[in-house]
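Novice: Dropping the structure in here first, questions after.
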Amino acid sequence: MADDLALALELADLADGITLARYGAADLVVETKPDLTPVTEADTAVERALRERLASDRPGDSVVGEEYGVTSAPDSDRRWIVDPIDGTKNYVRGIPVWATLLALQEGDQLVVGVVSAPALGRRWWAARGQGAFVTDPLSASPRRLRCSGVGSLDDAQLCVSGLDGWEEKLDALMALQRACWRTRGFGDFWGYMLVAEGAADICCEAIVSLWDLAAPSVIVEEAGGRFTDLGGVATPDGGDALASNGLLHEASLAIVGR
Numbered sequence: 012m013a014d015d016l017a018l019a020l021e022l023a024d025l026a027d028g029i030t031l032a033r034y035g036a037a038d039l040v041v042e043t044k045p046d047l048t049p050v051t052e053a054d055t056a057v058e059r060a061l062r063e064r065l066a067s068d069r070p071g072d073s074v075v076g077e078e079y080g081v082t083s084a085p086d087s088d089r090r091w092i093v094d095p096i097d098g099t100k101n102y103v104r105g106i107p108v109w110a111t112l113l114a115l116q117e118g119d120q121l122v123v124g125v126v127s128a129p130a131l132g133r134r135w136w137a138a139r140g141q142g143a144f145v146t147d148p149l150s151a152s153p154r155r156l157r158c159s160g161v162g163s164l165d166d167a168q169l170c171v172s173g174l175d176g177w178e179e180k181l182d183a184l185m186a187l188q189r190a191c192w193r194t195r196g197f198g199d200f201w202g203y204m205l206v207a208e209g210a211a212d213i214c215c216e217a218i219v220s221l222w223d224l225a226a227p228s229v230i231v232e233e234a235g236g237r238f239t240d241l242g243g244v245a246t247p248d249g250g251d252a253l254a255s256n257g258l259l260h261e262a263s264l265a266i267v268g269r
């Protein structure tokens with residue numbers, strides 16, 4: 012697993028070089044996908060580069076990515092999950108909250124996760140059973156992550172990236188935010204990373220995809236937290252998500268769960 016984590020970190024370096032070079036460029040090419048979400052030349056360039064490297068270094072592994080779908084290796088139970096830029100809308104508008112997300116799954120278990128946000132100067136990573144870590148401008152060396160010890164909703168900070176997808180459960184979401192001490196909209200990957208850091212206690216989203224959640228789920232769990240869908244199932248592929256410090260998970264599910 013150490014070799015796989017090392018490779019994932021090298022892939023993140025490769026991605027950061029591409030994304031930073033085009034971030035804020037006046038001639039950045041932006042197109043609209045069929046689902047009406049934006050995709051930039053940087054999104055596609057990163058995914059192509061990562062797929063090429065994986066084809067070279069891990070030719071027997073499958074790859075699933077947001078932009079180019081699934082490349083299947085039928086004889087392997089390993090697959091890499093890639094989101095070249097999580098937060099493309101932020102990237103396009105010059106908001107620095109965006110990241111490349113990488114995860115490795117073996118069988119049913121996610122074993123490696125990396126979230127690299129170069130415009131924030133931060134990178135989070137974890138390997139199953141080995142803990143979760145972050146590098147940031149405040150630390151001279153990697154810092155181990157631990158979720159908070161907050162045990163009551165009325166002391167908890169809740170992160171919600173937005174209201175998209177909550178229309179049918181808006182009352183439940185409002186009930187959760189009223190139960191919590193504070194609610195802030197730290198969107199996309201960042202809310203989950205704040206849970207892993209212990210700065211926030213709960214993060215939930217109503218519409219998300221596998222590549223949005225695979226890497227954050229490993230990091231949150233290795234930091235001592237819990238990560239499920241809104242049905243309470245420990246999966247990053249449920250279409251929605253709830254991450255917490257673990258202590259507040261059941262109480263949160265009781266309000267917003269399905």
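First residue of the sequence shown? That's 12 in our numbering, and the numbers climb one at a time after it.
Glycine included, each C-beta is placed from N, C-alpha and C at the ideal position.
These numbers come from a predicted model, not from an experiment.
#1: Report back the beta-carbon spacing between residue 276 and residue 197 to the nearest angstrom; my notes put them in contact at under 8 angstroms.
#2: By the 10 Å Cβ neighbour count, where 16 or more other Cβ atoms means buried, how is residue 178 classified, buried or exposed?
#3: With 16 other CB atoms within 10 Å as the buried threshold, where does residue 180 fall?
#4: Quick check on the DSSP output: the beta strand (DSSP E) that includes residue 96 runs from which residue to which?
#5: What are the boundary residues of the beta strand (DSSP E) that residue 197 is part of?
#6: Please report the straight-line C-alpha distance between residue 163 and residue 241, rounded to a whole angstrom.
#7: Could you check which residue in 233, 199, 236 has the C-alpha nearest to that of residue 251?
#8: Could you check where the alpha helix (DSSP H) with residue 232 kicks off and where it finishes?
#9: Buried or exposed, going by whether 16 or more other CB atoms sit within 10 Å of the CB of residue 189?
#10: Mark residue 223 as exposed unless 16 or more other C-beta atoms lie within 10 angstroms of its C-beta, in which case mark it buried.
#11: Around the C-beta of residue 151, are 16 or more other C-beta atoms found within 10 angstroms, so that it is buried, or is it exposed?
#12: Suppose only complete runs of 3+ residues qualify. What are the beta strand (DSSP E) ranges in the region 94-179, listed by chain order?
#13: Tell me whether residue 48 sits in a helix, a strand or coil according to DSSP, three-state version.
#14: Please go through the same chain and pick out, in chain order, the residues whose beta-carbon is closer than 6 angstroms to the beta-carbon of residue 166, but skip the five residues on each side of it.
#15: Would you mind working out which of 231, 204, 182, 172 sits nearest residue 219, comparing C-alpha positions?
#16: Quickly, what does DSSP pair residue 213 with across the bridge? List them, please.
#17: Helix, strand or coil for residue 263? Go by DSSP, reduced to three states.
#18: Can you check which of these residues, 67, 135, 102, 253, is closest to residue 31 by C-alpha distance?
#19: So what's residue 73 in DSSP terms, helix, strand or just coil?
#20: Could you name the residues that DSSP lists as bridge partners for residue 239?
Specialist: For this structure:
#1: Limits of the chain in this structure are 12 at one end and 269 at the other, which puts residue 276 out of reach.
#2: For the purposes of this step, residue 178 is taken as the residue at position 167 of the sequence shown. Counting Cβ neighbours within 10 Å, residue 178 comes out exposed, since fewer than 16 surround it.
#3: The count along the sequence shown starts at 1 and reaches residue 180 at position 169. Buried, by the Cβ-count rule.
#4: The residue labelled residue 96 in the question sits at position 85 within the sequence shown. That run of the beta strand (DSSP E) goes 89-97.
#5: What you label residue 197 is simply residue 186 of the sequence shown in a count that begins at 1. If you look at residue 197, you'll find it isn't in any beta strand (DSSP E); DSSP assigns it neither H nor E.
#6: For the purposes of this step, residue 163 is identified with residue 152 of the sequence shown, where counting begins at 1. For the purposes of this step, residue 241 is identified with residue 230 of the sequence shown, where counting begins at 1. Answer to the nearest angstrom: the Cα atoms are 19 angstroms apart.
#7: Locating residue 251 in the sequence shown gives position 240, where the first residue counts as 1. Measuring from the Cα of residue 251, the nearest candidate turns out to be 199.
#8: Within the sequence shown, residue 232 is the residue found at index 221, counting from 1. Run containing residue 232: 221-233, per the alpha helix (DSSP H) assignment.
#9: Stepping through the sequence shown from its first residue, residue 189 is reached at position 178. Exposed is the call here.
#10: For this step, residue 223 is matched to residue 212 along the sequence shown. Result: buried.
#11: Residue numbering aside, residue 151 sits at position 140 when the sequence shown is read from its first letter. Around the C-beta of residue 151, fewer than 16 other C-beta atoms lie within 10 Å, and the residue is accordingly described as exposed.
#12: Counting only runs of 3 or more, we get 110-117, 120-128, 133-138, 143-146, 168-171.
#13: Residue numbering aside, residue 48 sits at position 37 when the sequence shown is read from its first letter. Three-state DSSP puts residue 48 in coil, outside helix and strand.
#14: The sequence position of residue 166 within the sequence shown is 155, counting from 1. Closer than 6 angstroms at Cβ, skipping near neighbours: 192.
#15: Translated into the one-based positions of the sequence shown, residue 219 becomes position 208. With distances taken between Cα atoms, residue 219 lies closest to 172.
#16: Position 202 of the sequence shown, counting from 1, holds the residue named residue 213. Its beta-bridge partners are 169, 255.
#17: Numbered from 1 along the sequence shown, position 252 holds the residue referred to as residue 263. Residue state, collapsed to three classes: helix.
#18: Translated into positions along the sequence shown, residue 31 becomes position 20. Residue 102 holds the alpha-carbon nearest to the alpha-carbon of residue 31 among 67, 135, 102, 253.
#19: The residue labelled residue 73 in the question sits at position 62 within the sequence shown. Under the three-state reduction of DSSP, residue 73 is assigned to strand.
#20: Indexing the sequence shown from 1 puts residue 239 at position 228. Answer is 253.
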